[in-house]
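Numbering (the working numbering), first residue to last: 3 to 571. For reference, the structure is listed below as structure tokens.
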Ligand SMILES: [Zn+2]
């Protein structure tokens with residue numbers, strides 16, 4: 003491609019509303035152009051990257067037997083009513099009316115489409131297993147469309163659905179797809195953390211997320227660098243490091259007057275103790291149950307999802323009004339000597355077991371207890387793991403310190419079981435002639451998000467640094483100066499490379515060397531070849547890889563072989 007012909011050029015300055023590196027660099031380099039918040043045009047350079055990502059995905063999905071098809075983006079609302087997701091996903095559904103009264107939604111996902119489709123073709127066990135996928139545009143009414151291609155309202159997605167005779171067959175296939183996903187990310191040069199996911203008591207536990215570490219990521223992931231375990235913050239398990247209190251003796255309980263704020267920090271300051279010495283009580287309003295308290299070490303936080311999983315109920319923090327109604331004094335709640343008329347039970351996090359002489363509220367305004375000890379001064383209904391893990395905790399598997407990272411989710415896979423086949427009566431006849439429900443799995447990769455993530459990971463202050471496998475072109479030829487020998491030779495080099503199957507972009511513009519070299523860095527094609535009067539005197543080109551600072555001259559005679567080797571490395 004001649005750069006002078008290319009639609010979508012670099013801009014001098016990044017767009018002023020770009021809120022992320024990917025939005026800034028992709029727009030400035032002429033890969034994407036925003037139409038509205040979360041809605042982007044893919045320009046020819048961006049579309050080339052998009053297609054390369056899709057080709058990788060297609061090859062890997064085909065390798066696990068996936069058959070590519072294309073389903074409609076516009077869905078009659080009726081199919082969403084069958085599963086009830088017209089209500090549960092209402093906040094993100096784009097709805098529209100066709101002529102007449104018929105309501106449609108723009109599909110954010112395709113379980114409601116693929117399952118009735120499968121009903122038409124799956125009759126017997128002989129039709130199974132089956133796996134189909136599409137690469138398609140999805141729509142989500144995202145209240146906070148942001149971060150360029152990372153969180154869009156209209157975005158690209160590969161979604162695959164598999165159909166099986168049994169859970170065992172699904173399990174086996176699920177592992178194959180998991181590996182195929184890892185292959186996709188590896189071919190995009192992305193290192194992913196595989197996270198066993200659970201979104202609380204109302205989602206199934208049979209899912210995995212693939213996450214890439216990057217500071218802009220909205221997910222907090224707890225990782226162990228030693229054994230590679232990665233967990234979602236909400237449900238992460240880890241060992242709290244206990245303070246060394248072997249020598250400490252239990253002191254007599256004391257009630258003291260205090261003037262302090264409500265935070266643990268204020269509390270620790272007022273009593274001149276470390277924060278872990280504060281016995282923190284947090285009260286929740288639990289569905290169908292009323293108020294439930296949790297006691298935990300002051301320097302730690304409660305994981306609401308862990309508590310929901312433990313209680314198997316939905317919950318939220320109790321409001322000040324609810325506490326007051328119950329007779330509890332906000333900021334001074336504790337399980338110690340709680341008035342008999344207040345009916346509230348406390349659950350203990352394991353972290354409180356190995357600390358002596360806690361400080362905690364005395365259930366009255368401006369009064370605290372000092373030297374509070376478990377068993378002697380208070381009891382809890384039960385102990386369980388309710389702590390939100392953070393950096394410094396020890397890995398439950400290998401004892402090494404855990405680390406918190408920010409990450410972007412670039413894919414997820416689910417064992418759906420029979421949830422959708424039940425809703426749409428997707429049955430098959432087994433060998434004994436009995437009708438059984440088909441077991442399903444689904445597997446998603448956001449391909450536009452993947453493109454944004456690659457830029458977030460691969461860039462420097464000058465621009466993008468595309469991994470070879472997804473780069474819009476392999477080679478960026480830059481001619482410096484207007485000398486005819488230079489432009490002729492550059493054009494010949496471009497034609498020769500093209501003829502040998504190398505994807506080349508040739509910057510043939512009459513621009514200053516500074517502009518051309520800055521643009522080459524911004525666009526980020528893996529290999530830059532400069533032709534100038536100087537290099538021609540030496541019968542060579544200047545070779546520079548975008549990912550390295552090294553510059554060298556390569557003779558024209560050696561160039562073809564060296565370029566081939568670079569591309570196929
Ligand atoms: Zn570990």
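A virtual CB, placed ideally from N, CA and C, is assigned to each residue, including glycine.
Between the CA atoms of residue j and residue i - distance to the nearest angstrom
i: residue 399; j: residue 506; result: 49 Å
i: residue 467; j: residue 459; result: 9 Å
i: residue 333; j: residue 346; result: 16 Å
i: residue 192; j: residue 24; result: 15 Å
i: residue 126; j: residue 435; result: 9 Å
i: residue 42; j: residue 298; result: 46 Å
i: residue 231; j: residue 197; result: 8 Å
i: residue 350; j: residue 149; result: 40 Å
i: residue 550; j: residue 510; result: 24 Å
i: residue 533; j: residue 491; result: 8 Å
i: residue 164; j: residue 439; result: 13 Å
i: residue 255; j: residue 372; result: 6 Å
i: residue 74; j: residue 170; result: 31 Å
i: residue 446; j: residue 159; result: 7 Å
i: residue 340; j: residue 303; result: 22 Å
i: residue 293; j: residue 90; result: 26 Å
i: residue 258; j: residue 370; result: 5 Å
i: residue 389; j: residue 472; result: 41 Å
i: residue 320; j: residue 401; result: 35 Å
i: residue 437; j: residue 167; result: 11 Å
i: residue 217; j: residue 55; result: 23 Å
i: residue 184; j: residue 66; result: 13 Å
i: residue 514; j: residue 48; result: 25 Å
Contact test: residue i Cβ vs ligand 1 heavy atom, cutoff 7 Å
i: residue 392; result: no
i: residue 405; result: no
i: residue 57; result: no
i: residue 399; result: yes
i: residue 386; result: no
i: residue 597; result: Since the first residue shown for the chain is 3 and the last is 571, residue 597 is missing from the structure and cannot be characterised.
i: residue 241; result: no
i: residue 402; result: yes
i: residue 194; result: no
i: residue 231; result: yes
Helix, strand or coil at residue i [DSSP, three-state]
i: residue 238; result: coil
i: residue 27; result: helix
i: residue 226; result: strand
i: residue 12; result: coil
i: residue 352; result: helix
i: residue 254; result: coil
i: residue 468; result: coil
i: residue 487; result: helix
i: residue 65; result: helix
i: residue 564; result: helix
i: residue 190; result: coil
i: residue 367; result: coil
i: residue 166; result: strand
i: residue 91; result: coil
i: residue 558; result: helix
i: residue 529; result: strand
i: residue 182; result: helix
i: residue 383; result: coil
i: residue 121; result: helix
i: residue 273; result: helix
i: residue 287; result: strand
i: residue 450; result: helix
i: residue 508; result: strand
i: residue 108; result: strand
Contact with chain B by residue i, beta-carbon distance below 8 Å
i: residue 545; result: Absent from the structure: chain B. Only one protein chain is present.
CB-CB length for residue i against residue j, believed under 8 Å
i: residue 277; j: residue 288; result: Not a contact, Cβ separation roughly 27 Å.
i: residue 161; j: residue 111; result: 7 Å
i: residue 157; j: residue 413; result: Contact flag wrong, Cβ pair sits at about 13 Å.
i: residue 538; j: residue 504; result: Actually they are not in contact, since the Cβ atoms of residue 538 and residue 504 sit about 20 Å apart, beyond 8 Å.
i: residue 78; j: residue 108; result: Going by Cβ atoms, the distance from residue 78 to residue 108 rounds to 12 Å, so no, they are not a contact pair.
i: residue 465; j: residue 152; result: So it is not a contact: roughly 18 Å between Cβ atoms.
i: residue 252; j: residue 359; result: 7 Å
i: residue 428; j: residue 115; result: In fact, because the Cβ distance is near 13 Å, the residues do not count as touching under 8 Å.
Ligand 3 heavy atom lying under 7 Å from the CB of residue i
i: residue 155; result: Among the ligands present in this structure, namely ligand 1, ligand 3 is not found.
*Are the segment 209-228 and the segment 369-389 touching by the rule of at least three beta carbon pairs closer than 8 Å?*
no
*Does the segment 178-192 come close enough to the segment 359-375 to have 3 or more Cβ pairs within less than 8 Å?*
In short, these stretches do not touch, since the Cβ pair count stays below three.
*Determine, using beta-carbon pairs with one atom in the segment 91-107 and one in the segment 60-69, whether at least three such pairs fall under 8 Å.*
no
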